[in-house]
Every structure is written in structure tokens, then in C-alpha cells.
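Worksheet: one structure, shown below.
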Amino acid sequence: MSMLNTSAEAAADRRVYLDWNATAPMRAEAQAAVTREMERWANPSSVYAEGRAAKGRLEDARDEIATALGLIGAQLVFTSGGTEALALALRGLEGMRVLVSAAEHSAVLEAVPDAERLPVGADGLIDEDHLRRALRDGGSALVAVMHANNETGVIQPVGRIADIVRDAGGLTLSDCVQSAGKLPLPPADMVVVSGHKLGGPPGVGLLAVRCAERLSAVQKGGGQERGLRGGTENLPAICGMAAAVTAADRKWLSDAAARQARMEAALIDGGGKVFGKPAPRLANTTMVRMPGIAASSQLMQFDLAGFSVSSGAACSSGKVGASHVLSAMGVGAEAAREAIRVSTGWTTTDEGIERFIEAWHALAERRRAA
Amino acid sequence: MSIYLDYQATTPLDPSVAKAMQPYWEERFGNPHSEHRHGWTAAAGIDKARRDVAALVGADEDWVVFTSGATEANNLAVKGALEAAPDGRRRVVTLETEHSCVLESVRAMEARGYSATILPVQADGLLSLDDLETALNEDVALVSVMAINNEIGVMQPLSDVGRLAKAAGALFHTDAAQAFGKVPLDVDALGIDLLSVSGHKIYGPKGIGALLVRPGTALAPQLHGGGQEGGGLRSGTLAPALVAGLGKAAELAAERMDSDRAHVERLWARMLSALTEGHIVNGSVAERWRGNLNVSFPGIDGARLIADLRRLSVSSGAACASAAGRRSHVLEALGVPDNLARATLRMGWGRQTTTEDIDAAADMICEAVAEQRRMAA
Chain A
670 MSMLNTSAEA AADRRVYLDW NATAPMRAEA QAAVTREMER WANPSSVYAE GRAAKGRLED
730 ARDEIATALG LIGAQLVFTS GGTEALALAL RGLEGMRVLV SAAEHSAVLE AVPDAERLPV
790 GADGLIDEDH LRRALRDGGS ALVAVMHANN ETGVIQPVGR IADIVRDAGG LTLSDCVQSA
850 GKLPLPPADM VVVSGHKLGG PPGVGLLAVR CAERLSAVQK GGGQERGLRG GTENLPAICG
910 MAAAVTAADR KWLSDAAARQ ARMEAALIDG GGKVFGKPAP RLANTTMVRM PGIAASSQLM
970 QFDLAGFSVS SGAACSSGKV GASHVLSAMG VGAEAAREAI RVSTGWTTTD EGIERFIEAW
1030 HALAERRRAA
Chain B
17 MSIYLDYQAT TPLDPSVAKA MQPYWEERFG NPHSEHRHGW TAAAGIDKAR RDVAALVGAD
77 EDWVVFTSGA TEANNLAVKG ALEAAPDGRR RVVTLETEHS CVLESVRAME ARGYSATILP
137 VQADGLLSLD DLETALNEDV ALVSVMAINN EIGVMQPLSD VGRLAKAAGA LFHTDAAQAF
197 GKVPLDVDAL GIDLLSVSGH KIYGPKGIGA LLVRPGTALA PQLHGGGQEG GGLRSGTLAP
257 ALVAGLGKAA ELAAERMDSD RAHVERLWAR MLSALTEGHI VNGSVAERWR GNLNVSFPGI
317 DGARLIADLR RLSVSSGAAC ASAAGRRSHV LEALGVPDNL ARATLRMGWG RQTTTEDIDA
377 AADMICEAVA EQRRMAA
């Protein structure tokens, strides 16, 4: 019997979560750290013993994260998440010409709507020649290039791009929300990481900045975070993020890569089209088109069959319209509207993926029979 | 074990709030903006939290824009209202005693070409309505006045401010981080257009707050992206656990408002009668939240006083300012001389404070002050 015929209740018992790029379940170590810290609750800016102890734990968490993510030497500024960290980087530097890749997250594109867009190719990779030419136009430039794309998983060569930008006298900002914990982070001048994508709690993120002297606070307030971000620090979430990155290892990624290869071969075999395939991609992310069935309809059917997948960024999945990432890669609107994103994580199992492949084939088959 | 008397800096998390948050750290971990069961399960608590937060100030749930805290809410209110104001309204009117995040936001807008009138307050910390009326004009976009001051606890006359702001055609924002959940507030009766809320000041979690926005108010977003909150007013993935925690804290505050208030008023009376050493209470004694006592000791070395009170968790002003070693801009606005401002304690108590805590704290304070005075005599 195909998964699609199983009752929703039975499926719910064995639900398979394949939307890890939207958010990841919290690691047990992170849950424990959050719970412990919520019992202590002092304000890290207070000068008496509990406050100073809280400040100590805040700085310990900062060091642990810098060590685990390879960000030693950068100043880590804690924020409420990836979106705020990107806003700080993009709006906290005055007087710079801003260039952004066309495949950036909406948190970048909409924070700087007037920025120049750098095109990406059909494989999702940035056109480096175009970048070199654009930098020749002069002006001190801030270039935003996402490390790994949240929809397609395509990995940009940020190290090489940062060299090009640095040679031209500019600064590079890299949104590493999806790559942190999966890849070594690139040597960009500014790096953004989010807590809840790597097994920490939602509500915390950071900007790691190697040019702090040029940055000023966007969220004004009490001078916390060495003057770069006002607001009482969310210490439970920060400690949760530290516990998550400390506990994490990358062993699951080799299993994820093997599953990805198997799944993509099977879906392509069944008529699917995987986007960004020739480029290096995250081992956990697959954006796949099922010709003839709208993504919204696929999501509904997969949900009933017990699979949580998405049609792209979670924040915009409620909205109608094709993915701007696929559109930047030259994918037509019709094809883009038939694409869903399957993303895996450290608790994904072979069995879960096998069942998903089966369900995907069953749906594609039903479409062909119709 | 020290006695915690700094409830204006932050409050202990209520155990029932922690319990309400727990499922969202575990099985309800989904992204609340996702279109599948994991997402819907995570989002389930958000609507209820929105209703509970709104209900506490007589608003509807469509007012609520969740933020990372009151600082973000205040930034959004001040910058967002000015940026979206009609042509010709480019001025903000506020008070010298506002929280630094409001004043810093105002200064940032001044640097961008907007103008600001920062009104002094009277010796008791209350604003002068005459001054406010004089300052209001058809060029004012926003009036921002804190409901209860975080350092001295005074309550500003919000309904008069609301009435004057409305008469001038300006929006009225109040930073209610210290008032929300503690005193009855009604956005319609007080004429409030924008109201900032904090979770961790009302026994809720850190990292969450809200800006309540009267529907139809022109406001420019400050965090752009996915457009998750308030029809695009605020972007960023909502943290369902934190939202549920704020909602639960608001629900509890509604249930316990009268008993919480009676409790802090008893403690206030007890502390004042036990403070037998000569002291000056800063801020109006009548118009105030009695869960705060800001008190100066003439002739006392403040640094030594704080050092002598090691077993007491109190501050000399806003936590963020004390960390930086800055003197209090609020006491300065009240005209408290520098040496007296340094010999000042900001005390705050609340739900978990006991009469024994107050008695012990008063003893420690009186002893430390008396000892210094004996040495000086």
C-alpha cells in the first residue's frame, strides 16, 4: 500500500521531518543549557554577584562558540537571530556601496533594496567576472554573498570571492546561517550565524565581525555587546546555542551525503529535476521539481502522507509566487512553482528517506496516470 | 545566599511560564511559519499568546508585533514612526528620563535630519503638562513617554499625554516595559498608539517583547526580510517558546495584578518604615509603582555603600548604565547632585520577595549607612 493511502493519523505517528533548513530540533544539550540558565535569570549587566556571574557565563558562551565555529579573532555580537545580524551588518556600516548576490535570503535583499544585484549562473554560483567588473566601478564596496543557499544548498566559493573583494578594497559579508555546523566557515569580514538552524534555540544569532571598528549599532540601547547591539542579552538562548555548537559534530553529514545521492538518483529516475546540481551543494539540501504538480499541492499531499517538506524559505511559504532564488538561476516560473525543498539533519534515518522516495514516486505516478 | 532586590533589571522566570515554554523546546520544535504539521504545531501557541498580550492593555490581537524585547520595540516605534510620518511632521517629543534605548534612537534620528525636543522633568520626576503642551505643534510626528520609569518608578500621566498628543495630531508611544502587567493600562482610554512590552520584566523569558501598534498606524519596518510579523512590520523567525512564555506571563499578570500590587505596596511600606537612617526618596511618592524605591543617603560614599551591601543584589541605576559605570541620567534630570546620585540605591521587589527579605535588607542598609556616618562623625 502506498504511503499516500495511509491514514493521516497513522502517518502522524511516524512523521518524517524533512525541513531542517527551516529549523532544526533542539539538541538535548541545548535544551539542558536553556533550562539551567532560565533558572538563574540574572541580568548580565548588573554589577552584583549574580549579574557578574551571568556576565561570565555570557563571555564563556561567546568563547565556546568562537572556538567551535572557528571564529576566533572575530568579535561576536549576539542578536535575536539571523535577520537582525544581517541588518546590523548591512546597515551598521556607513557610506558603502552595497552589492548583493541575486540569490541572497530576503533578509538581505529587503534590508538593502537599492543594492546592486550580482547575477548567479544556472548552477546558482555567482559570476565572478561580473563581480570583478562591478568592483572596478569604484567606491568602497560591501559585498554580501551567502555561503550556502537556504533553498538549493548551493555553496558559493566565499573564500575566493572575499579575496577578490579584499583586493578591490572592499568588505565581504557572508550569510552562513545554513552552512554553520556543516562546513568550515569562510574567512569573510563579517559572518552571520543563527542558533535554531544548528540545534540551538530560536531567538538567538550572531554577527562575527572582523571590522568592528567600522561598525555602529543599528538597534540602539543600553550599550550592550560592546556598544554594537542594545538590549538585555538573551542569556538562556545564547548558552543554548553554545551548548549546541559544542555538542555538534559533522559525522552525520557523510550519511546525509549518501542518502542525498540515493534520493536524487531515485527522484531523477522518476522524472524529477534537481536544481543547482552541477555546483557544490550542502549534503542535506535538495530542491527538486515534480513536473505537472504545483508545489503547494505537493506540500499538502506530503503533509497528509506524514512528511514535513517545504517549497522554499519558511518565512515566505505562505505567500504565492515563485522562488526568487530559482528565478535568479534562470528557472522559469512554471518550473519554479513545481519545486519543493527536502532538507535533512542529524536525526534523519535511511528508512525515512526510503519512505519519502516511495511517497514521491507514488505521487508522480498518480499524476502520470491522471 | 543574597537577597535579590533588582526587579526593574530583570525578574525570575515564573515556574508556570517555564512549563508553558517546555513543549516548544522539544516536540513542538517546528518553524512556526512553515506550511506543514510541524510548523502548525509550533505556531499553535502564538495566537493565544497574541490574545493574552493584547488583552492586558485592552487591545485586539492584530495590534501585537512580537519583537526580541522592549529595546527592539522602542527602536521600531521611534524610528518607524518618524520614517513613516507625513511630510511636515519631522519632530519627536520625549523626556530626559526615558530609557537609553529611546534616547539613543531619538539621537540617531536627529543625526539623520529629524528634530527632537527632549523635555526636562520636575523635581519629582513627573513631566510638566504645560511644557508638553508648549512643545506640541503641527510639526510633531511622535510623543514618546515612558509609563513607569525604570529607575525611579514614577508613573507619568499617560491619559493627559495621550489627549495632548492627539490634539496636536501626533502619535503617542509609551515604553511600558515596567508597567505592562503591573498596572491597568487601556490603549483606548489612554490614547496610546504604540506600546512597548518586555517579557523578562514580568516573570517571563528574556529575548521576547512586543510592540503593540494601533491598526492603521503608519510605521516603517526596521528589520526586513521574510515579513513574518505585523503584515511585514518585523522580519525574523519567531521563537515559539519565547512567544508562549510571554503569553503565559501576560495571562498570569492579568490574574495576579491586584494581589501582586497589594504585595509590593505592603513591602514598600515596610521598607520605608524600616529605613530609619536619614534618606531622600527620589521621584514622586504618590504617582508611582511601589515595587520600586530609589533612595539617596546624604553624606555617604556610594561605592563603599554598594561594597558593604555585598549580600544584597541592588543597583545604583539602570543595569546597562551601571555596567558601563555611567552616572544616572535620570537622577541628573531630577537635579540630584552628583555626590548624592552616587550614594543612591535603586531597589525593586516583586512576586517572590518576602517580608523577611525586606527586613533583612533594611537592616543591612541601615547598618552600613550608620557605620559610615559614625566613622565620619
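Protein sequence lines, in the order shown, are assigned to chains A and B.
Here the numbering used here is used: the first residue of the first sequence is 670, the next is one more, and so on.
Here the numbering used here is used: the first residue of the second sequence is 17, the next is one more, and so on.
C-beta: ideal position from N, C-alpha, C; glycine also.
Threshold first: 4 residues or longer. Then list the alpha helix (DSSP H) segments lying entirely within the segment 280–365 of chain B, N to C.
318–324, 335–340, 345–350 and 354–358
Which residue or residues does DSSP assign as beta-bridge partners of A:MET956?
Here residue 956 of chain A refers to the residue found at position 287 when the first sequence is read from its first residue. Answer by DSSP bridge pairing, in chain order: A:ARG1010.
For A:MET859, return the contacting residues in chain B, with the cut-off set at a CB-CB distance below 8 angstroms.
Locating residue 859 of chain A in the first sequence gives position 190, counting from the first residue. Result: empty, since nearest Cβ-Cβ is about 17 angstroms, beyond 8 angstroms.
Nearest candidate by alpha-carbon position, reference A:VAL812, set A:ALA776, A:LYS946, A:ALA723 and A:ARG766
Taking the first residue of the first sequence as position 1, residue 812 of chain A is located at position 143. If we check each option's Cα against that of A:VAL812, A:ARG766 comes out closest.
Residues, ordered as in the chain, of the segment 891–909 of chain A that lie near chain B by beta-carbon distance below 7 angstroms
GLY891, GLY892, GLN893, GLY899, GLY900, THR901, ASN903, LEU904, PRO905 and ALA906
For the alpha helix (DSSP H) that B:LEU145 lies in, which residues bound it at each end?
In the second sequence, the residue the question calls residue 145 of chain B occupies position 129. From DSSP, the alpha helix (DSSP H) with B:LEU145 extends over 145–151.
Going by DSSP, which residues form a beta bridge with A:ARG1040?
Residue coverage of chain A in this structure runs from 670 to 1039, which leaves residue 1040 of chain A outside it and unanswerable.
So A:ILE734 is in the alpha helix (DSSP H); what residue range does that whole segment cover?
Here residue 734 of chain A is taken as the residue at index 65 of the first sequence, counted from 1. Taken as a continuous stretch (DSSP letters only), the alpha helix (DSSP H) holding A:ILE734 covers 718–737.
Could you tell me whether the Cβ of B:ASP22 comes closer than 8 angstroms to any Cβ of chain A?
Working through the second sequence from its first residue, we reach residue 22 of chain B at position 6. Judged by the 8 angstroms Cβ criterion, B:ASP22 is in contact with chain A.
Using a Cβ-Cβ cutoff of less than 8 angstroms, which residues in the same chain neighbour A:ASP796 once the five nearest sequence positions on both sides are dropped?
Taking the first residue of the first sequence as 1, we reach residue 796 of chain A at position 127. Only LEU787, PRO788, VAL789 and GLY790 meet the Cβ criterion.
Backbone secondary structure at B:LYS264 - three-state DSSP:
The residue labelled residue 264 of chain B in the question sits at position 248 within the second sequence. Correct three-state label for B:LYS264: helix.
Please list, in chain order, the residues of the segment 38–54 of chain B that have any C-beta partner in chain A closer than 9 angstroms.
GLN38, TYR40, TRP41, GLU42, GLU43, PHE45, GLY46, ASN47, PRO48, HIS49, SER50, GLU51, HIS52, ARG53 and HIS54
What's the gap between the Cα of A:HIS865 and the Cα of A:GLY909?
For this step, residue 865 of chain A is matched to residue 196 along the first sequence. For this step, residue 909 of chain A is matched to residue 240 along the first sequence. Distance between the alpha carbons of A:HIS865 and A:GLY909: 10 angstroms.
Tell me which residue opens and which closes the beta strand (DSSP E) that B:GLN172 is part of.
On the second sequence, position 156 is the one that residue 172 of chain B refers to. Here B:GLN172 belongs to no beta strand (DSSP E), and DSSP marks it neither H nor E.
With a threshold of 16 other CB atoms inside 10 Å of the CB of A:ALA930, please say whether the residue is buried or exposed.
By 1-based counting over the first sequence, the position of residue 930 of chain A is 261. With fewer than 16 Cβ atoms within 10 Å of its Cβ, A:ALA930 is classed as exposed.
Separation of B:GLY247 from B:PRO100, as counted between CA atoms:
By 1-based counting over the second sequence, the position of residue 100 of chain B is 84. By 1-based counting over the second sequence, the position of residue 247 of chain B is 231. Note that residue 100 of chain B is Ala in the sequence shown, not Pro. Approximately 15 angstroms between the Cα atoms of the pair.
Tell me which residue opens and which closes the alpha helix (DSSP H) that B:MET380 is part of.
Translated into positions along the second sequence, residue 380 of chain B becomes position 364. That run of the alpha helix (DSSP H) goes 371–392.
CB contact below 8 angstroms: A:GLU779 versus chain B:
Within the first sequence, the letter at position 110 stands for residue 779 of chain A. Closer than 8 angstroms: yes.
When the Cβ atoms of the segment 358–368 of chain B are set against those of the segment 22–37 of chain B, are three or more pairs found closer than 8 angstroms?
yes
Beta-bridge pairing of B:HIS189 - partner residues as DSSP gives them:
Taking the first residue of the second sequence as 1, we reach residue 189 of chain B at position 173. B:SER160 and B:LEU210, per the DSSP bridge assignment.
Are B:GLY315 and B:ARG389 close, meaning C-beta to C-beta below 8 angstroms?
By 1-based counting over the second sequence, the position of residue 315 of chain B is 299. By 1-based counting over the second sequence, the position of residue 389 of chain B is 373. Yes; because the gap between Cβ atoms is below 8 angstroms, this pair is in contact.
Does DSSP put A:ASP844 in a helix, a strand or coil?
Here residue 844 of chain A refers to the residue found at position 175 of the first sequence. In this structure, A:ASP844 counts as strand in the three-state DSSP scheme.
Coil, strand or helix - A:LEU852 by DSSP
On the first sequence, residue 852 of chain A is found 183 positions in, with the first residue counted as 1. Correct three-state label for A:LEU852: strand.
Sufficient close CB pairs (3 or more, under 8 angstroms) joining the segment 938–951 of chain A to the segment 815–823 of chain A:
yes
Proximity winner among A:ARG879, A:ALA857, A:GLY945 and A:GLY896, relative to A:ILE833 (alpha-carbon distances)
Residue 833 of chain A sits at position 164 when you count from the first residue of the first sequence. Residue A:ALA857 is the option with its Cα nearest to A:ILE833.
Please tell me whether A:HIS865 has its Cβ less than 8 angstroms away from any Cβ of chain B.
Numbered from 1 along the first sequence, position 196 holds the residue referred to as residue 865 of chain A. Yes, A:HIS865 counts as interfacial toward chain B.
With DSSP run on the structure shown, which of helix, strand or coil describes A:PHE971?
Numbered from 1 along the first sequence, position 302 holds the residue referred to as residue 971 of chain A. Helix.
Would you kindly work out how many angstroms separate the C-alpha atoms of B:GLY110 and B:GLY225, rounded to a whole number?
One-based indexing of the second sequence puts residue 110 of chain B at position 94. One-based indexing of the second sequence puts residue 225 of chain B at position 209. As written in the sequence, residue 110 of chain B is Thr, which differs from the Gly given in the question. C-alpha separation (whole angstroms): 21 angstroms.
Which residues in chain B have a C-beta closer than 7 angstroms to the C-beta of A:GLU773? List them in chain order.
As a position in the first sequence, residue 773 of chain A is number 104, starting the count at 1. The contacting residues do not exist; A:GLU773 stays about 10 angstroms from chain B at best.
Got a sec, what are the start and stop residues for the beta strand (DSSP E) A:GLU785 sits in?
Reading the first sequence from its first residue, position 116 is the one you call residue 785 of chain A. Per DSSP, A:GLU785 belongs to the beta strand (DSSP E) from 785–787.
Under three-state DSSP, which class holds B:SER18?
In the second sequence, residue 18 of chain B corresponds to position 2, counting from 1. Coil at B:SER18, not helix or strand.
Determine, using beta carbons only, whether B:PHE82 and B:GLU245 come nearer to each other than 8 angstroms.
Indexing the second sequence from 1 puts residue 82 of chain B at position 66. Indexing the second sequence from 1 puts residue 245 of chain B at position 229. The answer is yes: Cβ separation under 8 angstroms.
Is the beta carbon of B:GLY220 sitting closer than 8 angstroms to the one on B:LYS182?
Here residue 220 of chain B refers to the residue found at position 204 of the second sequence. Here residue 182 of chain B refers to the residue found at position 166 of the second sequence. Cβ atoms of B:GLY220 and B:LYS182: not closer than 8 angstroms.
So with Cβ pairs under 8 angstroms, would you call A:GLU785 a contact of chain B?
Mapped onto the first sequence, residue 785 of chain A falls at position 116. Answer no: the Cβ-Cβ gap between A:GLU785 and chain B never drops below 8 angstroms.
Extent of the continuous alpha helix (DSSP H) to which A:ALA935 belongs:
As a first step, residue 935 of chain A must be located in the first sequence, where it is residue number 266. First-last of the alpha helix (DSSP H) with A:ALA935: 921–938.
B:VAL69 to B:MET273, Cα distance in whole Å?
The residue you call residue 69 of chain B lines up with position 53 of the second sequence. The residue you call residue 273 of chain B lines up with position 257 of the second sequence. Whole-angstrom Cα-Cα distance: 14 angstroms.
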